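Contents: one structure, followed by commentary.
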Amino acid sequence: MALPQRQTDIGPPHYKQFLPPVIEKNYGQWKYHERIDAGTMVHVAESGDKVYTVRVASPRLLSTDTIRDMLDVADKYCDGYIRFTSRNNVEFMTADESKVEPLKKELKDRGYTIGGIGPRITNVVHTQGWVHCHSACTDASGLVKAMMDELYEYFTEKELPAKVRLALACCVNMCGAVHCSDIAVVAVHRKVPVIDHDKIKDMCEIPTTVAACPTRAISPDPAKKSIKIKDEKCMYCGNCFTVCPPIEIHNPEHDGVAIVVGGKIGSLRTGPKFSKLAIPFFYNEPPRWPKVVAAIKNILEVYAKNARKHERLGEWVERIGWERFFKLTGIEFTYQHIDDFTFMRDTLRTSAAFKW
Amino acid sequence: MSKKYDTPLLDELEKGPWPSFVTEMKKAAARSEMANDELGQLEKSYRTKRGYWKHGGIVGVLGYGGGVIGRYSSLPDEFPGVAHFHTVRINQPSGWFYTTKALREICDIWDKYGSGLTNLHGSTGDLVLLGTTTENLEPLFAEYSSRGWDLGGSGSAMRTPSCCIGPARCEWANIDTLEICYQMTQKFQDELHRPAFPYKFKIKVAGCAVDCVASIARADCSIIGTWKGKIEIDQDAVQWYAKNGMDIKAEIVDMCPTACISYDGTNLSIDDDNCSRCMHCISKMTKALKPTGEKGATILIGSKAPIVVGSLMSWVIVPFMKLEPPYDELEELIRKMIEWWDDNAKPRERIGELIEARGMREFLEAIGVPPQPQQVFEPRKDPFFFWKDEDLTKE
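The structure is reproduced here in structure tokens:
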């Protein structure tokens, strides 16, 4: 069968054709919204029109079968419209209040998890992991699944002092905004990469590879027509591996994950914050990473118990001080916690006022 | 397609209440040989604690240099179905709204040419199709593009811009995030499809400082809606919140970062000149508080993840810009930024890192933006500063 005529540089379809009529009619004219429960909210327009939104969890990695199943629900209750959020939740919207409860019932009957609205955990932003990435040093989907099984009730029901944004990156490339999340997991290497000198000749540009190192640990090795690495300078970022695959950074025996906490994106109350190191290392323990999951749950619950209403995790820690954070959570403070890269000057304490 | 591999480790991840990606992979594997081998290879990764993907190769569709990420298994003999397993990025519509008809069509084409596995959506915002072969790329592109869908960005290029839900369903939007995102995507089609930059360049558009699209952390160019004017107060609505359990002193007054709100038990008042427009009070009392006056955006530059020289958040460059169609001023500003970066950066150097290396003055002069106190938290602390000849004035 002949293929249709291809087109180039057309860009995405204009969004207007995908807006539900109540959204199109009240575009830019919304007055306020209210949260009805953990997974339902209503937006009210200046015109008096309302749109109800029901939010459900997603593993992000979806089969076309499941997408079609969602579309069937959207056809039945949402006039054939569906939306996804910036954190990969799925949203079902209707202007008809009488459809909300039947919609939720059908979603539940089909096995969907409703929640993620308000001061709770919402869908986890994460990367590809072993499923589909060459630089992954943990699996993203599996660790997220194990984590969310354990924290499930904070999505569907239980409230926290404020919203808690979780993220997971399967290497320090951080395709998932791990660096500004309340609690996040980032996979790390701990060993200097191993160089395959024979392959470098054919596969790599020496100057590019040398320039790729942020700590200047790499220099040319003209005798071997290769490069050499100054071990004590290497911080295992893997950027050299990305530009030159024969510099093998992966080491299944020593790779694992770190937990970072206290980041945020919004400017509410306090400015956006980077996440900071809480726990420097766990070994990969597939399929369910029980120690990582338990550590995350501990941090979350200590925060939930001690923070004030509306206080994000990072704001709570800044109020009580990081020394108190380590004490309350029982997390050990190590050499790895002290910055010796770009943020050293900003992070060493220059005051005699601190807590025990 | 019958079950090809035993997956005892992955089966553990079908247990528990959270939706399981393993179940998704098995559903796809029931119909696709590729998805079947993907499942088998992943089970092996769970056994050995390592991935089996090679670096991305150069594959794509004719006339484009991006939009497809070549992915090859390092174990093609063991898992022939994933010998080629390329990612295709489809540029999502602004705000991730779809009709069921459109999304069903996307699924039907994908089942025909690929593994049936997707990401809704990828980290940058694209609709991601996981796993197809080199020979299927052209037919797949013809099918999608003839129906109005185009590829997103990849590699050292303009990446697919994305935006929050904005005016489509949010009372806090100060700018038309969906239209700005759409227009910028259209204006930069060439830069998006033909990688010619030193490294990636991302644009994200957020309607307010809540920043639901994480622009301040994840976009080289962050566009964040704001306003210049008073916050209008509906005192009856304030009382509604008080009666419905809100402790206005503790939750609003005491949490205001600039201490510009007062409350006497009946009336709330705001010292607007001292408000930094952080969105805390508005987000907690959305029925009662509403920004008024001129609407526009703050333009920030430079955020990125740790690779190469550490994480950065975006810096304020233009404190306020009115953003109205056809958005030529914004386009012109972005083009100037990119031009300076393209002229000066090393390979794999993001614009934020280049500004750090060269100094903010050089960047501001290159794009024609004057220095303003809104660009810094505080002025410099050390006495080492540069003078140019033109700065030296005689008595």
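The listed protein sequences correspond, in order, to chains P and Z.
Heads up: the first sequence begins at 1 in our numbering, then just goes up one per residue.
Heads up: the second sequence begins at 1001 in our numbering, then just goes up one per residue.
No residue lacks a Cβ here, since even glycine has one placed at the ideal position from N, Cα and C.
None of the values given here were measured: they were computed from a predicted structure.
- Using a CB distance cut-off of 8 Å, P/Y27 counts as an interface residue toward chain Z.
- Residues of the stretch 1202-1218 of chain Z whose Cβ lies closer than 7 Å to any Cβ of chain P, in chain order: A1209, V1210, D1211, C1212, V1213, A1214, I1216, A1217 and R1218.
- P/G271 and P/I265 have their C-alpha atoms some 8 Å from each other.
- The beta carbons of Z/P1093 and P/F18 sit closer together than 8 Å.
- Per DSSP, the beta-bridge partners of P/R83 are P/E91 and Z/F1097.
- In its chain, beyond the 5 residues on either side, V317 have a beta carbon closer than 6 Å to the beta carbon of P/F325.
- Cβ-Cβ separation between Z/K1027 and P/S63: approximately 4 Å, consistent with a contact (criterion under 8 Å).
- Within 9 Å of the CB of Z/Q1189, the CB atoms of chain P belong to T8, D9, I10 and G11, in sequence order along the chain.
- For P/F274, the nearest CB of chain Z lies under 8 Å from its own CB, placing it at the interface with that chain.
- In summary, the residues of the stretch 1091-1119 of chain Z whose CB is separated from some CB of chain P by less than 7 Å are N1091, Q1092, P1093, S1094, G1095, W1096, F1097, Y1098, T1099, T1100, K1101, A1102, L1103, R1104, C1107, W1110, D1111, G1116, L1117, T1118 and N1119, in the order they occur in the chain.
- Residues are counted here when their Cβ sits less than 7 Å from a Cβ of chain Z; for the stretch 22-52 of chain P these are I23, Y27, G28, W30, K31, Y32, H33, H43 and V51, given in chain order.
- With the rule of 3 Cβ pairs closer than 8 Å, the stretch 1214-1231 of chain Z counts as touching the stretch 166-181 of chain P.
- For Z/D1342, the enclosing alpha helix (DSSP H) covers residues D1328 to N1344.
- The alpha-carbon separation between Z/I1090 and P/D202 amounts to approximately 34 Å.
- Taken in chain order, the complete beta strand (DSSP E) segments of 3 residues or longer contained in the stretch 1244-1325 of chain Z are 1261-1263, 1268-1270, 1289-1291, 1294-1301 and 1315-1321.
- Leaving aside the five residues that flank P/V188 on each side, the residues in its chain whose CB is nearer than 6 Å to its CB run, in chain order, A258.
- Not one beta carbon of chain P lies nearer than 8 Å to the beta carbon of Z/I1248.
- Shown in chain order are the members of the stretch 1300-1312 of chain Z whose Cβ falls below 7 Å from a Cβ of chain P: A1305, P1306, I1307, V1308, V1309, G1310 and S1311.
- By the criterion of a C-beta distance shorter than 6 Å, Z/Q1374 is surrounded in its chain by V1316 and P1319, once the five residues flanking it on both sides are discounted.
- Taking C-beta atoms under 8 Å as the contact rule, Z/P1291 and Z/G1229 qualify, at a distance of about 6 Å.
- Closest in alpha carbon position to P/V192, among P/I247, P/R345, P/M148 and P/R308, is P/I247.
- Counting only unbroken stretches of 4 or more residues, the alpha helix (DSSP H) elements lying wholly within the stretch 1135-1215 of chain Z are 1137-1146, 1177-1187 and 1189-1193, in sequence order.
- Annotation: P/Y112 to Z/Y1241 spans about 33 Å, alpha carbon to alpha carbon.
- Residue state for P/P222 is assigned as helix, using DSSP reduced to three classes.
- Residue environment for Z/G1225: buried (at least 16 other C-beta atoms within 10 angstroms of its C-beta).
- Among the bridge pairs identified by DSSP, P/D37 is matched with P/T40.
- Collapsing the DSSP output to three states places Z/F1021 in a helix.
- Within chain Z, E1251, M1255, H1280 and K1284 have C-beta atoms less than 8 Å from the C-beta of P/H310, given in sequence order.
- Residues are counted here when their Cβ sits less than 7 Å from a Cβ of chain P; for the stretch 1221-1237 of chain Z the count is zero.
- Cβ-Cβ separation between P/T122 and P/N89: approximately 6 Å, consistent with a contact (criterion under 8 Å).
- By DSSP's assignment, Z/N1119 forms a beta bridge with P/L61 and Z/V1128.
- Interface residue (Cβ-Cβ distance to chain P less than 8 Å): Z/Y1327 is not classified as such.
- The beta carbons of P/F155 and P/M147 sit no closer together than 8 Å.
- The straight-line gap separating the alpha-carbon atoms of Z/W1387 and Z/E1395 is approximately 16 Å.
- Using a Cβ-Cβ cut-off of 7 Å, Z/L1042 is close to W130 and V131 of chain P, given in chain order.
- Note that the C-beta distance between Z/L1013 and Z/E1043 is not below 8 Å.
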